[in-house]
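Below is one structure; the comments refer to it alone.
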Amino acid sequence: MMKSIVRDIALAAQGHDKINWVKEFMPVLNILNEDLSKTKPLAGKNVVITMHLEAKTAYLALVLKNAGANVCITGSNPLSTQDDVAAALAEQGVTVYAWYNTTEEEYEQFLHHALDTKPDIIIDDGGDLVALLHGKRSELAAGILGGSEETTTGVLRLHSLADAGKLKFPMIAVNDANCKYLFDNRYGTGQSTWDGIMRTTNLTITGKTVVVAGYGWCGKGVAMRAKGLGANVIITEIDPVKAIEAVFDGFQVMPMKQAAALGDIFVTLTGCKDVIIGEHFANMKSGALLANAGHFDVEINKEDLARHAVSIRKVRKNIEEFTMQDGRKIYLLAEGRLVNLAAGDGHPTEIMDLSFAMQALSVLYILENHAKMENTVHKLPHELDLKVAALKLQAMNIAIDQLTAEQYNYLHQA
Ligand code: NAD
Ligand code: SAH
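In this note's numbering, the protein residues as written are -6 to 407.
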């Protein structure tokens, strides 16, 4: 196997510190780690992970390695790999092909290197690995027992493949597990998006008008936290039901065309493209801040923004200033890529504990059940959600009531 490719192995000490810190706050993964380190169910299996390579992900990789797997990891976004964490992981026996700020060519090359390890099981975030396994590297697909997908957009891409009858191995939609989207997408994105925006701009949120595009799980979290920070929140949607939900949650709802003139901060979380385009930039206030926390860097149309600008300059780390013909200035954060990961550490640790416990259980589920799984998109059994939630409550020292036999019978009577 090729040696790891990281930016600078000398950064490892800082990376070890970051990984050790998060371990303290990931009790569910710690319990799984203790158990799997003894039983080693993944002995001899090759696992490839394509995910945001920061400390929490590094710990997931180590848990799978401790379970006996040969683990290889690459980043799932050009800007979210942390070079110190990548170096630390390489020192701990995981094969790493990743560094911060990859070019498009490097990004794909690293995915190819990872696939060269001939994985038995894959963990994908966003669908780029699966896409390669159905395109340029389709010769490897037959050897794959199955895999799991972390995020909403990746699951959508999997459904498109499965609906066309083209999916070549079973994939588990970890995103669709309760212990994933209810906490990660909502509270995780809710906190980390504002963390990314605040640490990047050093500006207040209170008193500002925040426009949140998309009122799905992520949008709900971002809107809820914006309200808590004192902002006046406007929602844009295309789904009438989600729009009513936003109204009844106490937010104003209107089309982006109208919201464009009112917003001080715009956050897109739709998984769609061209959510903010030229006609919107034309109406924005001077000083408007644009951030994306949805999957790809296409929600805010950067080409359109550049076309409308007479000058563009980098004014601060992760902030570009676009000066319009009439002198207005519009600021784009983190190149329109996921602001919480490109300009922050992503979701908080206790939340990734839940997401990554579901990922670890998903890998074990594939190991045990792949022979009877069809080549389609699967949900994790609800018992695994209940198991992870119970372990988390236990770690948080929170007890809940149990049904008595009488109550059970009452609830299940005909
Ligand atoms: P979701 O399906 O629950 O919500 C998306 C919402 O956007 C839906 O309500 C949909 O109606 C709406 N929408 C679609 N197109 C729109 C448009 N043009 N204008 C306005 N609204 C539109 O999905 P989700 O789980 O909230 O995820 C949203 C995106 O964020 C996905 O791309 C997902 O992969 C990504 N995601 C990011 C993070 C992160 O860490 N930043 C975390 C989880 C998910
Ligand atoms: N490949 C896409 C991935 C979408 S990101 C891209 O980067 O463009 C959305 C996913 O990132 C979420 O489902 C969430 O679980 C994950 N995520 C958020 N914070 C994270 C963190 N701190 N570490 C690892 N993954 C994280």
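A virtual CB, placed ideally from N, CA and C, is assigned to each residue, including glycine. A quick note: this is a predicted structure, and the numbers were derived from the prediction, not measured.
Among the options, which one has its Cα closest to the Cα of residue i?
i    : options                   : result
A350 : V(-1), Q7, N23 and D10    : N23
A67  : E84, L29 and L108         : In the sequence on display, residue 67 carries Thr and not Ala. Cα-wise, what sits closest to T67 is L108.
I231 : M217, A224 and M247       : M247
S153 : L396, V370, G271 and Q395 : V370
A219 : P233, W187 and A236       : W187
E27  : M(-5), N39, M44 and A60   : A60
Y180 : R192, L160, G209 and T202 : G209
E367 : H105, R130 and G158       : G158
A51  : V89, L29 and P71          : V89
L151 : L138, I137, H127 and G136 : H127
L325 : V123, K365 and I270       : I270
V234 : Q251, G207 and V381       : G207
K372 : V15, I137 and V167        : V167
N225 : A236, G214 and G243       : G243
E296 : V268, R309 and N311       : V268
R309 : K250, L196, L29 and F274  : L196
A6   : N70, S69, Q85 and T43     : Q85
D1   : G200, L82, N13 and S279   : L82
I237 : G8, G223, L222 and K213   : K213
M428 : Y403, A382 and Q406       : Since the first residue shown for the chain is -6 and the last is 407, residue 428 is missing from the structure and cannot be characterised.
K278 : A299, L29 and I258        : I258
W14  : T74, Q245 and E343        : E343
S30  : A353, Y403, L386 and S69  : A353
A299 : E314, F289 and N285       : E314
E272 : I293, L404, F289 and C65  : I293
I42  : I12, G8, H105 and A155    : H105
Residue i and residue j: beta carbons closer than 8 Å?
i     : j    : result
V260  : V205 : yes
A254  : I323 : no
N171  : D378 : yes
T316  : A302 : yes
E132  : M164 : no
V356  : L46  : no
V(-1) : A54  : no
F103  : A134 : no
M345  : K49  : yes
V291  : K307 : no
T182  : L262 : yes
G287  : G264 : yes
A335  : L138 : no
G136  : K111 : yes
A392  : V21  : no
T397  : I312 : no
Below 8 Å on the Cβ atoms is my guess for residue i versus residue j; work out the distance and round it to an integer in Å.
i    : j    : result
I228 : A216 : 6 Å
D76  : L4   : 5 Å
V40  : A62  : 4 Å
D177 : S348 : 5 Å
Which residues bound the alpha helix (DSSP H) around residue i?
i    : result
E376 : H375 to A388
Y401 : A398 to L404
G140 : From DSSP, G140 is part of no alpha helix (DSSP H) but of the beta strand (DSSP E) over G139 to E142.
I116 : Taken as a continuous stretch (DSSP letters only), I116 belongs to no alpha helix (DSSP H), being part of the beta strand (DSSP E) at I114 to D117.
L125 : D121 to L126
Y358 : T342 to N362
A107 : E97 to L108
T193 : T182 to T194
V56  : A48 to N59
A5   : A5 to K16
Along the chain, where does the beta strand (DSSP E) that runs through residue i open and close?
i     : result
E313  : I312 to M317
K322  : K322 to L326
M164  : M164 to A166
C65   : N63 to T67
L283  : A281 to N285
I42   : N39 to T43
A302  : A302 to R309
I(-2) : Taken as a continuous stretch (DSSP letters only), I(-2) belongs to no beta strand (DSSP E), as it is neither H nor E.
T88   : T88 to Y90
N178  : Note, N178: premise wrong, no beta strand (DSSP E); not H, not E.
N225  : N225 to T229
V240  : No beta strand (DSSP E) contains V240, which is instead part of the alpha helix (DSSP H) from P233 to F241.
V291  : Run containing V291: none; DSSP gives neither H nor E here.
With 8 Å as the threshold, decide whether the Cβ of residue i is near any Cβ in chain D.
i    : result
D109 : In the displayed structure, chain D is absent; only one protein chain is listed.
Original post:
Do the segment 108 to 123 and the segment 139 to 149 meet, that is, are 3 or more Cβ pairs less than 8 Å apart?
Top reply: yes
Original post:
Taking one C-beta from the segment 359 to 369 and one from the segment 86 to 98 each time, how about it: are there three or more such pairs within less than 8 Å?
Top reply: no
Subject >> Cβ pair count under 8 Å reaching 3, the segment 328 to 338 against the segment 24 to 38 >> reply: no
Subject >> At least three beta-carbon pairs within less than 8 Å, the segment 336 to 344 to the segment 158 to 172 >> reply: no
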